[in-house]
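See below for the structure under consideration.
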Amino acid sequence: MTNDRIAEILNRPLSQEMLARDLCRLAYVAKDGTPRNIPIAFAWNGKEAVMCTSKNAPKLASLRRNPAVAITIDTEVHPPKILLVRGTVELDEVDGISEEYLEMNGSYGMTAEQRVEWEAEVRSLYDGMVRIVMTPTWAKLIDFETTLPSAVEELVQQRAERQQRGGDTAVRSEGPGTSTS
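My numbering puts the first residue of the sequence shown at -15, with every later residue one more than the last.
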């Protein structure tokens, strides 16, 4: 997929809405070779997804060994809206708390007092963090109105071809479990 095509998909209004959310699911290959898929807070900086973790997080060894990842950002309503992004990550260790970490956790419903307490707790816990910076290499937006999963797109095309040939309709009276008597 070209960078222009990726940018076109990620700059669509619905994609921008999805990228403004605060949680994604990060998929990667774990140390034992099995897949992992974890919820993680993220921030979109206009060209990269930035996630943050502790310097001792087990996923870091896996990401160093294999930086290929995928993220999913989706909604909880029907029809679902889904943004799928594949890419590679770079790991950037920082002293203290990453600004992205503070930003991505700023959307939760905290009072000003709770926010001050939360930030003080975070700063006392972490002496540094690792920024997981994902650069997209592929993207797909699925809204079930203008875009569909590729397998469903294929089924729609096959149905249209059958209907063009006049051989199939949505419901067949001769199909299994139906009776013509």
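Glycine is no exception: its CB is placed at the ideal position from the N, C-alpha and C atoms.
Every value quoted in this text rests on a predicted model; they were computed, and no experiment measured them.
Checking 8 angstroms against the spacing of the C-beta atoms, do residue i and residue j come in under that value?
i	j	result
residue 113	residue 73	no
residue 68	residue 31	no
residue 22	residue 9	yes
residue 85	residue 47	no
residue 81	residue 106	yes
residue 70	residue 54	yes
Once the 5 residues before and after residue i are set aside, which same chain residues still bring their CB inside 7 angstroms of it?
i	result
residue -1	-7, 67 and 125
residue 77	39, 112 and 114
residue 52	72
residue 149	none
residue 94	102
residue -13	none
What residue from the options has the CA that sits closest to residue i's CA?
i	options	result
residue -9	147, 120 and 148	120
residue 2	52, 28, 20 and 139	28
residue -3	134, 65, 109 and 100	65
residue 130	105, 56, 63 and 95	63
residue 7	33, 150, 148 and 128	33
residue 79	58, 37, 94 and 57	37
residue 60	127, 75, 88 and 137	127
Ignore the nearest five residues each way along the sequence and tell me which others in residue i's own chain have a CB closer than 6 angstroms to its CB.
i	result
residue 98	none
residue 35	24, 26 and 116
residue -5	none
residue 159	In this prediction, residue 159 has a pLDDT of 39, which is less than 50 and means its spatial position is unreliable; nothing more can be read from the coordinates.
Can you name, in chain order, every residue of its own chain whose Cβ lies under 8 angstroms from the Cβ of residue i, other than the five neighbours on each side?
i	result
residue 15	42, 45, 46 and 49
residue 19	11, 12 and 13
residue 161	Its pLDDT being 42, under 50, residue 161 is placed unreliably in this model, and the value from its coordinates should be taken loosely. Excluding positions up to five away in sequence, the list is empty.
residue 141	none
When you measure from the CB of residue i to every non-hydrogen atom of the ligand GDP, does any distance come out below 7 angstroms?
i	result
residue 17	This structure does not include the ligand GDP; it has no bound ligands of any sort.
Please report the Cβ distance between residue i and residue j, rounded to the nearest whole angstrom; I am assuming they are in contact, meaning their Cβ atoms lie under 8 angstroms.
i	j	result
residue -15	residue 102	The Cβ separation is near 39 angstroms, so there is no contact.
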